[in-house]
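Read left to right, the sequence shown gives residues 1 to 358 (UniProt numbering).
Quick reminder that beta carbons are idealized off the backbone N, C-alpha and C, glycines included.
Each remark here refers to the structure printed beneath this line.
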Amino acid sequence: MTEHEEKIINIIERTLPGVVSIAASKNVELVEKDLMKMGMDPRMFEEKLFGEADKKGDVSVSGGSGFIVDPSGIILTNKHVIQDKEARYKAVIGLPAGKAGENKYYDVEVMGSDPLADIAMLKIINPPAGLTVIALGTSKNIKLGKTVIAIGNALGEFQNTVSTGIVSGLSRLLSAITDIEGHQQRLRGLIQTDAAINPGNSGGPLINLDGEAIGINAAVVYGAQNIGFAIPIDRAKKDLGEIKKYGHIRAPFLGIRYVLLNKNIGRHFKIPVDHGALIVREELPGDHAVLPGSAAYEAGLKEHDIILTANNKEITEKETLEDILDTCAIGDELKLGVLRHGKNLSFSVHLEDRAKFN
Numbered sequence: 001m002t003e004h005e006e007k008i009i010n011i012i013e014r015t016l017p018g019v020v021s022i023a024a025s026k027n028v029e030l031v032e033k034d035l036m037k038m039g040m041d042p043r044m045f046e047e048k049l050f051g052e053a054d055k056k057g058d059v060s061v062s063g064g065s066g067f068i069v070d071p072s073g074i075i076l077t078n079k080h081v082i083q084d085k086e087a088r089y090k091a092v093i094g095l096p097a098g099k100a101g102e103n104k105y106y107d108v109e110v111m112g113s114d115p116l117a118d119i120a121m122l123k124i125i126n127p128p129a130g131l132t133v134i135a136l137g138t139s140k141n142i143k144l145g146k147t148v149i150a151i152g153n154a155l156g157e158f159q160n161t162v163s164t165g166i167v168s169g170l171s172r173l174l175s176a177i178t179d180i181e182g183h184q185q186r187l188r189g190l191i192q193t194d195a196a197i198n199p200g201n202s203g204g205p206l207i208n209l210d211g212e213a214i215g216i217n218a219a220v221v222y223g224a225q226n227i228g229f230a231i232p233i234d235r236a237k238k239d240l241g242e243i244k245k246y247g248h249i250r251a252p253f254l255g256i257r258y259v260l261l262n263k264n265i266g267r268h269f270k271i272p273v274d275h276g277a278l279i280v281r282e283e284l285p286g287d288h289a290v291l292p293g294s295a296a297y298e299a300g301l302k303e304h305d306i307i308l309t310a311n312n313k314e315i316t317e318k319e320t321l322e323d324i325l326d327t328c329a330i331g332d333e334l335k336l337g338v339l340r341h342g343k344n345l346s347f348s349v350h351l352e353d354r355a356k357f358n
């Protein structure tokens, strides 16, 4: 065994007990409604659903990994792992590989989730003593070629999943599906790695050779060889700090729904520009393009306005309005350049906390 291999094995043995399963369960009737939403006939699954249901009529619906980052039982995971608000979640702490015994199940509460990243924080309600805590490193100054370890602990065939590789890309942009209804979220600034990331280690830590988490395993490009992505840990550290200080993750909020413009969309809607954010409502009952009472509403923005610039930066598909908002703080003044009925207008918007409008 080489010195490098021995070091990796030691890191895995040290950190694996801090990686947990996140198990989601749901009442059978709610699962049947989900199946109908997806165009499936629940009767085709009745035997399986009722055969696997527990005494409460709940059935396991999904799972993922997470990792313990505080002795009080705080767990980091992906937001999409706990996206279903109708489901109940438990943290499952397994025994080290090769040891016999049963997994331990613990009730958890959702502390918060990042509205702009695939990050969520859970807390074990009655945590046991002696939890293994994984230290948080930094995602700053990561070099291409750096050795990393992706660890997961999802239940089933992917329990105790470990893979190694290198950092193969930085600051990647990816659109990922975040729920069963197919909604997508843009994930920015991702770490790309050739360490295999699969359903088993999504939500688990991406570890460096110091045994520190430098990322949260988040996504894989299906059909592509050896391309996985992790969310930089510094984003999660910021979120953790805000949870502890304010009780929720704060994020600057403008209060609009919009569509990013490009040449094709501009041509289709006969709009005279090929970039910017067109303020427009979704086709939902009671939906608003500009949320009443929001910062955008108070500043005078209206549906069908086109925001061309924010803080003098042109809004494009490569640098979106959300990207620019992500660099702002609550209370900042955001200067917007807006096209309205062929006239160029300027607005100043004082950003508020998104949690105010949840």
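For residue i, which residues of its own chain have a beta-carbon under 7 Å away from its beta-carbon, when the five flanking residues on both sides are left out?
| i | result |
| --- | --- |
| Ile142 | Val167, Leu170, Ile191 and Ile214 |
| Ile330 | Arg250, Pro252, Leu351, Glu352 and Asp353 |
| Tyr297 | Gly255, Val290 and Leu291 |
| Gly266 | Val273 and Asp274 |
| Lys7 | Leu209 |
Could you give the residue range of the beta strand (DSSP E) that holds residue i?
| i | result |
| --- | --- |
| Asn311 | First-last for Asn311: undefined, no H or E at that position. |
| residue 362 | Outside the displayed range of the chain (1 to 358) lies residue 362, so it cannot be described from this structure. |
| Leu206 | Pro205 to Ile207 |
| Thr336 | Just to set this straight, residue 336 is Leu in the shown sequence, not Thr. Its beta strand (DSSP E) spans residues Glu333 to Arg340. |
| Thr15 | First-last for Thr15: Glu3 to Thr15, but that is the alpha helix (DSSP H), not the beta strand (DSSP E). |
| Leu325 | No beta strand (DSSP E) holds Leu325; the alpha helix (DSSP H) holding it covers Leu321 to Leu325. |
| Leu147 | According to the sequence shown, residue 147 is Thr rather than Leu. Its beta strand (DSSP E) spans residues Thr147 to Gly152. |
| Phe347 | Lys343 to His350 |
| Glu109 | Lys104 to Ser113 |
| Ala120 | Ala120 to Ile124 |
| Ile279 | Ala277 to Ile279 |
By the DSSP assignment, the alpha helix (DSSP H) with residue i in it spans what residues?
| i | result |
| --- | --- |
| His268 | Lys263 to His268 |
| His80 | Element bounds for His80: n/a, residue is neither H nor E. |
| Ala299 | Ala295 to Ala299 |
Can you tell me which of the options puts its alpha carbon nearest to the alpha carbon of residue i?
| i | options | result |
| --- | --- | --- |
| Asp84 | Ser72, Val110, Tyr106 and Leu173 | Val110 |
| Glu319 | Ala277, Ser346, Ala289 and Ala329 | Ala277 |
| Gly189 | Asp326, Lys270 and Asn262 | Asp326 |
| Asn103 | Val19, Phe357, Arg354 and Gly266 | Val19 |
| His4 | His248, Ala296, Ile324 and Val148 | Val148 |
| Arg14 | Phe67, Thr2 and Met1 | Phe67 |
| Pro71 | Ala135, Gly247, Asp107 and Lys263 | Ala135 |
| Ala129 | Ile93, Lys146 and Ser139 | Ile93 |
| Leu261 | Ile271, Leu144 and Met1 | Ile271 |
| Lys140 | Arg235, Gly247, Pro205 and Tyr106 | Arg235 |
| Gly293 | Lys356, Lys90 and Ile324 | Lys356 |
| Gly152 | Asp107, Ile227 and Asn201 | Asn201 |
Here's a check: name, in chain order, each residue in its chain whose Cβ is nearer than 8 Å to the Cβ of residue i, leaving out the five neighbours to either side.
| i | result |
| --- | --- |
| Ser348 | Ala299, Glu333, Leu334, Lys335 and Leu336 |
| Leu187 | Ala117, Asp118, Leu173, Leu174, Ser175, Ala176, Ala218, Ala219, Phe229 and Ile231 |
| Phe269 | Leu278 |
| Gly137 | Asn208, Asp210, Glu212, Ala213, Ile214 and Ile233 |
| Asp287 | Arg257 and Arg281 |
List the whole-angstrom C-beta distance separating residue i from residue j, where the pair is believed to meet the contact cut-off of C-beta under 8 Å.
| i | j | result |
| --- | --- | --- |
| Leu308 | Glu314 | 7 Å |
| Gly64 | Asn78 | 6 Å |
| Ile216 | Leu122 | Not confirmed; about 13 Å, so no contact. |
Excluding the five sequence neighbours on either side, which residues of its own chain have a C-beta within less than 6 Å of the C-beta of residue i, listed in chain order?
| i | result |
| --- | --- |
| Ser163 | Ala150, Ala195 and Ala196 |
| Arg88 | Ser25 |
| Ala289 | Arg257, Ile279, Val280, Arg281 and Glu303 |
| Asn126 | none |
| Val81 | Ile22, Gly64 and Gly203 |
| Asp114 | Asp239 and Ile249 |
| Ile12 | Val162 |
| Glu242 | Ile249 and Arg250 |
| Ala120 | Thr77, Lys79, Ile82 and Ser113 |
| Leu345 | Val338 |
| Gly51 | Per-residue confidence for Gly51 stands at a pLDDT of 46, beneath the threshold of 50, marking its modelled position as unreliable; the derived number appears in the next sentence. Cβ within range, chain order: n/a, list empty. |
| Asp305 | Ile279, Val338 and Arg340 |
At 3 residues or longer, and completely inside the stretch 216-257: list those beta strand (DSSP E) runs for me, N to C. If we require 3 residues or more, the beta strand (DSSP E) runs fully inside the stretch 216-257 come out as 228-232.
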